[in-house]
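Per my numbering, the sequence shown starts with residue 4, numbered consecutively. Beta carbons are placed, not taken as given, at the ideal position from N, Cα and C, and that holds for glycine. Computed from a predicted structure; not experimentally measured.
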Amino acid sequence: MSTLLRLAHQLLIALLGITVLVLMVPVSMQIGSRFFEWIPNYMWTEEMSRFFFIWMVMIGATVGVREGLHFDVDIWANPSPALARFLRWASRLLILGFAGVVLYWGIEFTKFGWNQTSELADLPMWMIFIAWPVAGFFWIAFLIEKMLVDSERDDQHGMHL
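This is the structure in structure tokens:
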């Protein structure tokens, strides 16, 4: 499972980079059309930049969960090992609950947009809305992996909750 999640993580990093690069195209067109009259002002660029931004944020949040850079806040500078372990588990369980909510309501959100299309680009809205359940799924998978690793490490060090 760890190898599969590592590959998924690498794919998500690549997709994040591609999304950032692709996002630069419609944003650059928007900026250019404001300053140069010879660049046409396309209406679809605003909509496309919003859609790519949504995917960029959701993929970035997912990569952040895998790398332990997202959702964690340091409250105590030097907690005791027992308190640090408790806070780590409490944090992961809360994030897991939030990820479940995002997954469930993301599926409902995608169903809601299944037969809708975007106003300007005429894209199926499910292609945008599905970013939420995809992120929720990967948050859950990455968090479970982290919890299993934590559990193994705690067992090796004789620590228990």
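Original post:
How long is the line joining the alpha carbons of GLN33 and ASN118, rounded to whole angstroms?
Top reply: 29 Å
Original post:
Just to confirm, are LEU123 and TRP47 a CB contact at a threshold of 8 Å?
Top reply: yes
**OP:** Measure from the alpha carbon of ILE16 to the alpha carbon of each residue in SER52, PHE54, GLU70, then state which is nearest.
**Re:** GLU70
Original post:
Do VAL30 and SER52 have their C-beta atoms closer together than 8 Å?
Top reply: yes
**OP:** Count the C-beta pairs between the region 104-117 and the region 136-143 that are closer than 8 Å, then say yes if the count reaches three, no if not.
**Re:** yes
Original post:
What number of angstroms, rounded off, separates the C-alpha of ASP125 from the C-alpha of GLU49?
Top reply: 13 Å
**OP:** With a 10 Å radius around its C-beta and 16 neighbouring C-beta atoms as the bar for buried, classify VAL152 as buried or exposed.
**Re:** exposed
Original post:
When you compare only the Cα positions, how much space is there between PHE56 and ALA93?
Top reply: 31 Å
Original post:
Would PHE112 pass as a contact of PHE132 if the rule is Cβ separation under 8 Å?
Top reply: yes
**OP:** Identify, in the order they occur along the chain, each residue of the same chain with its Cβ nearer than 7 Å to the Cβ of ARG95, setting aside the five sequence neighbours on each side.
**Re:** LEU146, LYS149, MET150
Original post:
Candidates PRO127, ILE143, GLY116, THR120: which alpha carbon is nearest GLY100's?
Top reply: ILE143
Original post:
VAL66 and LEU19 look like a contact to me (Cβ under 8 Å); what is the Cβ gap, rounded to whole Å?
Top reply: 6 Å
**OP:** Tell me whether PRO210 sits in a helix, a strand or coil according to DSSP, three-state version.
**Re:** There is no way to answer for residue 210, as the model of the chain reaches only from 4 to 164.
Original post:
Does the distance from the CB of HIS73 to the CB of ALA87 come in under 8 Å?
Top reply: no
Subject >> Inter-residue Cα distance where the pair is GLU40 and GLN13 >> reply: 41 Å
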